[in-house]
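S.K.:
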Amino acid sequence: MLVPGKIVLDHAFANHYAVGAFNANNMEQVQAIVDAAAETQSPVFIQVSRGALKYSRLIYLKHIIQAAAEEHPEVPIVMHLDHGNSLEVVKTAIGLGFTSVMIDGSLDESGKKALSFEENLALTKSVLEYARPFGVSVEAELGTIGGVEDGAGVKRIHVTDPAQAEEFVKQAPVDSLAIAIGTSHGATKFSGECVLAHDVQQEIHRRLPHTPLVMHGSSSVPEELVAIVNTYGGKMPNTKGVDIPQLQQTIQHGVSKVNVDTDGRIVMTGAIRKFFVEHPDKFDVREYMGPARDALRDMIKGRMIAFGSAGQGPKIKQINLEQAKQFYAR
Ligand SMILES: [Zn+2]
12 MLVPGKIVLD HAFANHYAVG AFNANNMEQV QAIVDAAAET QSPVFIQVSR GALKYSRLIY
72 LKHIIQAAAE EHPEVPIVMH LDHGNSLEVV KTAIGLGFTS VMIDGSLDES GKKALSFEEN
132 LALTKSVLEY ARPFGVSVEA ELGTIGGVED GAGVKRIHVT DPAQAEEFVK QAPVDSLAIA
192 IGTSHGATKF SGECVLAHDV QQEIHRRLPH TPLVMHGSSS VPEELVAIVN TYGGKMPNTK
252 GVDIPQLQQT IQHGVSKVNV DTDGRIVMTG AIRKFFVEHP DKFDVREYMG PARDALRDMI
312 KGRMIAFGSA GQGPKIKQIN LEQAKQFYAR
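Remember, our numbering sits 11 above the position in the sequence shown when you count from 1.
1. Ligand 1 and GLY228: does the residue's C-beta get closer than 7 angstroms to at least one heavy atom of that ligand?
2. Just list the residues that DSSP pairs ASP93 with in beta bridges.
3. Would you identify the three-state DSSP class for THR155, choosing helix, strand or coil?
4. Is the CB-CB distance between ILE57 and ALA35 below 8 angstroms?
5. Answer yes or no: do SER97 and GLU129 have a C-beta to C-beta separation smaller than 8 angstroms?
6. Under a Cβ-count criterion, where at least 16 other Cβ atoms within 10 Å of its own Cβ denotes burial, should ARG61 be classed as buried or exposed?
7. Entirely within the stretch 163-233 and at least 4 residues each: give me those alpha helix (DSSP H) ranges in chain order.
8. Would a C-beta distance cut-off of 8 angstroms place SER137 and GLY16 closer than the cut-off?
9. Roughly how many angstroms lie between the CA atoms of MET279 and GLY154, to the nearest whole one?
10. Output the boundary residues of the alpha helix (DSSP H) element that contains LYS124.
11. Three Cβ pairs or more, each shorter than 8 angstroms: is that satisfied between the stretch 260-274 and the stretch 288-296?
12. Rounded to the nearest angstrom, what separates PRO248 and PHE318 at their Cα positions?
13. Once DSSP output is grouped into helix, strand and coil, what is the label at LYS326?
14. Leaving aside the five residues before and after LEU219 along the sequence, list all residues of the same chain whose C-beta is less than 8 angstroms from its C-beta, in chain order.
15. Tell me the residue span of the beta strand (DSSP E) that contains VAL271.
16. Taking the Cβ atom as the reference point for each residue, do ALA23 and GLY146 lie within a distance shorter than 8 angstroms?
17. Assuming GLU142 and VAL101 form a contact by the criterion Cβ under 8 angstroms, report the distance between their Cβ atoms to the nearest whole angstrom.
18. Hey, is the stretch 300-318 in contact with the stretch 212-228, meaning 3+ C-beta pairs nearer than 8 angstroms?
19. By the 10 Å Cβ neighbour count, where 16 or more other Cβ atoms means buried, how is GLY116 classified, buried or exposed?
20. At the level of alpha carbons, what is the spacing between ASN131 and GLU234?
21. Rounding to the nearest angstrom, what Cα-Cα distance links ARG276 and TYR71 in this structure?
22. By the three-class DSSP mapping on this structure, what secondary structure does MET113 have?
23. CA-CA distance, SER195 and LEU258?
24. Going by beta carbon distance, what residues of the same chain come within less than 8 angstroms of PRO320, once the five residues before and after it are set aside?
25. Using beta-carbon positions only, say whether VAL41 and ILE76 come within less than 8 angstroms of one another.
Structural data, given as structure tokens:
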């Protein structure tokens, strides 16, 4: 069923695992995500970016995700807005029935200019004030994650300042905080080895010992998945993702949600390219979307196991937004 983000985040935080947050734009992706969650007994965030909302004309994805919840009532599913950039977008998502929203006040609405600490704080507070009465959970971001997502983003990474993080959450008590420690969106996250600022991450956790932290831009971009794309006519040079052991290290220190989008894009693209090369005579949509969906499901299952969320779903006491309102009123 659809549950508020907070109950999953708090469970993950208390039990030292991370819930995977996977992006969806269409039915096959939603099915792959929820099937992976059902098969591994994992809670899951299905996250929808502004671009995905636009692409799916708002209501389509809402109903597809609700269908997933109807098909799998046993799976705790969080319907989450990824990178909301204004109170207006948050209002739209909450109006659609989202159970969790991210307000990314690290950048302005154009996505090109960094907002100041005070501007980010003011925007996040306005979202908290709006979302709480609905029982909707709120994720904020401090520092800037590099790379471009849906046409918005900055090249440079500004690693989160631990003292600022402490001050930020004190003034805006969000349910989770996205931090920047060297990851970026996209398929080329590092020019050489994967280097994360583990010392900074651990210091943030020390200062915020009760706040679940979120890692964005955390696809692993496995060479074997990129190789399938490139073998079957694709062109993806110089790819580099986040090493899973390094992610697991952050999960030991308060990271409770890990976002994975790029890996899903690569695995589906590879499966479809392979199918077309091997079966140039075929033209039934189901024949290539089916294998792409299966490949995405299998990749996600692997992440759920790696992040430690497999088997945790049945241990979470599921509540709806109505019950979450009382939760926040306490
Ligand atoms: Zn992100």
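The C-beta atom is built at its ideal place from N, Cα and C for all residues, glycine as well.
If you're wondering where the values come from, they're calculated on a predicted model, not measured in any experiment.
M.R.: Walking through what the data contain:
1. Numbered from its first residue, the sequence shown carries residue 228 at position 217. GLY228 Cβ: within cutoff of ligand 1.
2. Numbered from its first residue, the sequence shown carries residue 93 at position 82. SER60.
3. Working through the sequence shown from its first residue, we reach residue 155 at position 144. Looking at THR155 - three-state DSSP - the assignment turns out to be strand.
4. Working through the sequence shown from its first residue, we reach residue 57 at position 46. Working through the sequence shown from its first residue, we reach residue 35 at position 24. Result yes, Cβ atoms of ILE57 and ALA35 sit closer than 8 angstroms.
5. Along the sequence shown, read from residue 1 onward, the residue named residue 97 stands at position 86. Along the sequence shown, read from residue 1 onward, the residue named residue 129 stands at position 118. Result no, Cβ atoms of SER97 and GLU129 do not sit closer than 8 angstroms.
6. Residue 61 sits at position 50 when you count from the first residue of the sequence shown. Its Cβ being crowded by 16 or more others within 10 Å, ARG61 is buried.
7. 173-182 and 209-218
8. Here the question's residue 137 lines up with position 126 in the sequence shown. Here the question's residue 16 lines up with position 5 in the sequence shown. Their beta carbons are not under 8 angstroms apart, which means SER137 does not touch GLY16 by this criterion.
9. The count along the sequence shown starts at 1 and reaches residue 279 at position 268. The count along the sequence shown starts at 1 and reaches residue 154 at position 143. Their backbone Cα atoms lie some 31 angstroms apart in a straight line.
10. Numbered from its first residue, the sequence shown carries residue 124 at position 113. LYS124 -> no alpha helix (DSSP H), and no H or E assigned at all.
11. no
12. In the sequence shown, residue 248 corresponds to position 237, counting from 1. In the sequence shown, residue 318 corresponds to position 307, counting from 1. Rounded to whole angstroms, PRO248 to PHE318 spans 27 angstroms at the Cα level.
13. As a first step, residue 326 is located in the sequence shown; it is residue number 315 there, counting from the start. Correct three-state label for LYS326: helix.
14. Taking the sequence shown and counting its residues from 1, one reaches residue 219 at position 208. Counting only Cβ-Cβ distances below 8 angstroms, and skipping sequence neighbours, we find ALA176, GLU177, VAL180, LEU188 and GLY265.
15. As a working mapping, residue 271 is identified with position 260 in the sequence shown. 266-271 is the extent of the beta strand (DSSP E) around VAL271.
16. Taking the sequence shown and counting its residues from 1, the one referred to as residue 23 is at position 12. Taking the sequence shown and counting its residues from 1, the one referred to as residue 146 is at position 135. Cβ distance not < 8 angstroms, so ALA23 and GLY146 don't count as in contact.
17. On the sequence shown, position 131 is the one that residue 142 refers to. On the sequence shown, position 90 is the one that residue 101 refers to. For the sequence presented, residue 142 should be read as Ala rather than Glu. The Cβ separation is near 7 angstroms, so the contact holds.
18. no
19. As a position in the sequence shown, residue 116 is number 105, starting the count at 1. Looking at its Cβ environment, which holds 16 or more other Cβ atoms inside 10 Å, GLY116 is buried.
20. As a position in the sequence shown, residue 131 is number 120, starting the count at 1. As a position in the sequence shown, residue 234 is number 223, starting the count at 1. Taking the straight line joining both Cα atoms gives about 37 angstroms.
21. Indexing the sequence shown from 1 puts residue 276 at position 265. Indexing the sequence shown from 1 puts residue 71 at position 60. Rounded to the nearest angstrom, the two C-alpha atoms are 20 angstroms apart.
22. Within the sequence shown, residue 113 is the residue found at index 102, counting from 1. Of the three classes helix, strand and coil, the one that applies to MET113 here is strand, per DSSP.
23. What you label residue 195 is simply residue 184 of the sequence shown in a count that begins at 1. What you label residue 258 is simply residue 247 of the sequence shown in a count that begins at 1. Using only the alpha carbons, I get a separation of about 14 angstroms.
24. As a working mapping, residue 320 is identified with position 309 in the sequence shown. The displayed chain sequence assigns Ser, not Pro, to residue 320. Contacts found: ALA23, TYR28, ALA29, VAL30, GLY31, THR51, SER53, PRO54 and VAL55.
25. One-based indexing of the sequence shown puts residue 41 at position 30. One-based indexing of the sequence shown puts residue 76 at position 65. Yes, the Cβ-Cβ distance between VAL41 and ILE76 is below 8 angstroms.
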